[in-house]
Amino acid sequence: MANCLLADRNASPVGMHWANNFIKRQPELKMRFFRRYDYQRAKCEDPTIFRNWFRLVENTIAKYGIQSHDIWNFDETGFMMGMISSGMVVTGSERLGRPRSVQPGNREWITVIQAINAEGQAIEPFIIGAGQNHLANWHEEPTLPCDWVIAMSQNGWTNNELGLEWLKHFDRRTADRSVGSYRLLILDGHESHHSVEFERYCEANKIITLCMPAHSSHLLQPLDIGCFGPLKKAYGREIEDLIQR
Numbered sequence: 001m002a003n004c005l006l007a008d009r010n011a012s013p014v015g016m017h018w019a020n021n022f023i024k025r026q027p028e029l030k031m032r033f034f035r036r037y038d039y040q041r042a043k044c045e046d047p048t049i050f051r052n053w054f055r056l057v058e059n060t061i062a063k064y065g066i067q068s069h070d071i072w073n074f075d076e077t078g079f080m081m082g083m084i085s086s087g088m089v090v091t092g093s094e095r096l097g098r099p100r101s102v103q104p105g106n107r108e109w110i111t112v113i114q115a116i117n118a119e120g121q122a123i124e125p126f127i128i129g130a131g132q133n134h135l136a137n138w139h140e141e142p143t144l145p146c147d148w149v150i151a152m153s154q155n156g157w158t159n160n161e162l163g164l165e166w167l168k169h170f171d172r173r174t175a176d177r178s179v180g181s182y183r184l185l186i187l188d189g190h191e192s193h194h195s196v197e198f199e200r201y202c203e204a205n206k207i208i209t210l211c212m213p214a215h216s217s218h219l220l221q222p223l224d225i226g227c228f229g230p231l232k233k234a235y236g237r238e239i240e241d242l243i244q245r
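full-length UniProt numbering applies: residue 1 is where the sequence shown begins, and numbers increase by one.
Have a look at this one:
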């Protein structure tokens, strides 16, 4: 644009640093690095989609007379057991390059499934490890609560079978504490949460499921935002403390 205006005046084009100097002269402008952002997530950040979603939730609650104690949200998150996240450290000013932090390097994957209700109550976690057989010492660990569930899959991820097993675990832990006749279970679009067996079990046990809009968990999933993030940071600190002992 600047060169077009100058061309109309038969003036020379701007120099290499003109844009930077122009921004420095304008206090209301500032240079910033952009952040990479998933296209699908950006496309789904539509206020109309979110308004319709919350209206659906309100209508479902009203239709079935669901109480706040019976409104449940669940999600899963993964941990690479020996990996720690990057952090900030203080070093001498003469040091060049980024400092390194030693980590065990164990890349075995663990998935944790957790559920919490609108009153802030949680059920015992459902933990999925990589393997084919349970090891006795897992269940003999004195610091592991006896009511936590440990399951196995080939790669440590969830699947349709384990999704159904978690649903039965959820039913056992919440049926007796339910206030009303129906429970509402808010979930994401993972395949293991929508199998035929999963839906049939929900229908047979008066569990109403609602799926969040696609690619919206970074905004609508409270476990992602408020629980799993701090948990992973705490897990990383535990690994660092273990290494330093």
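We treat Cβ as the ideally placed atom computed from N, Cα and C, and that holds for glycine.
So residue 186 and residue 109 are supposed to be a Cβ contact under 8 Å. How far apart are they, rounded? Not really, about 25 Å apart at Cβ, beyond 8 Å.
Quick one: what does DSSP say residue 114 is sitting in, helix, strand or coil? strand
Please report the distance separating the alpha-carbon of residue 66 from that of residue 240. 44 Å
Under a Cβ-count criterion, where at least 16 other Cβ atoms within 10 Å of its own Cβ denotes burial, should residue 70 be classed as buried or exposed? Buried, since its Cβ has 16 or more Cβ neighbours within 10 Å.
Report the residue from 243, 229, 188, 74 whose alpha carbon sits nearest the alpha carbon of residue 211. It is 188 whose Cα lies nearest to the Cα of residue 211.
Tell me which residues share the same chain as residue 205 and place their Cβ nearer than 6 Å to its Cβ, disregarding the 5 neighbours each side in the sequence. 171
According to the neighbour-count rule (16 or more other Cβ atoms, all chains shown, within 10 Å of its Cβ), is residue 11 buried or exposed? It counts as exposed.
Once the 5 residues before and after residue 163 are set aside, which same chain residues still bring their CB inside 7 Å of it? 192, 193, 195, 198
Determine the DSSP secondary structure at residue 146, reduced to helix, strand or coil. coil
When burial is assigned at 16 or more other CB atoms within 10 Å of the CB, is residue 18 buried or exposed? With fewer than 16 neighbouring CB atoms inside 10 Å of its own CB, residue 18 falls in the exposed class.
With distance defined between alpha-carbon atoms, name the residue in 4, 216, 127, 153 nearest to residue 144. 127
Considering only the beta carbon of each residue, do residue 116 and residue 223 sit closer than 9 Å? yes
Chain-order list of residues whose beta-carbon lies under 8 Å from that of residue 3 (same chain, five-residue window excluded): 13, 14
Would you mind sorting residue 54 into buried or exposed? The rule is 16 or more other CB atoms within 10 Å of its CB. exposed
In the DSSP assignment, find the alpha helix (DSSP H) that holds residue 252 and state where it starts and stops. There is no way to answer for residue 252, as the model of the chain reaches only from 1 to 245.
Is the separation between the beta-carbon of residue 130 and that of residue 156 shorter than 9 Å? yes
Between 26, 149, 79, 56, which has its C-alpha nearest residue 238's C-alpha? 79
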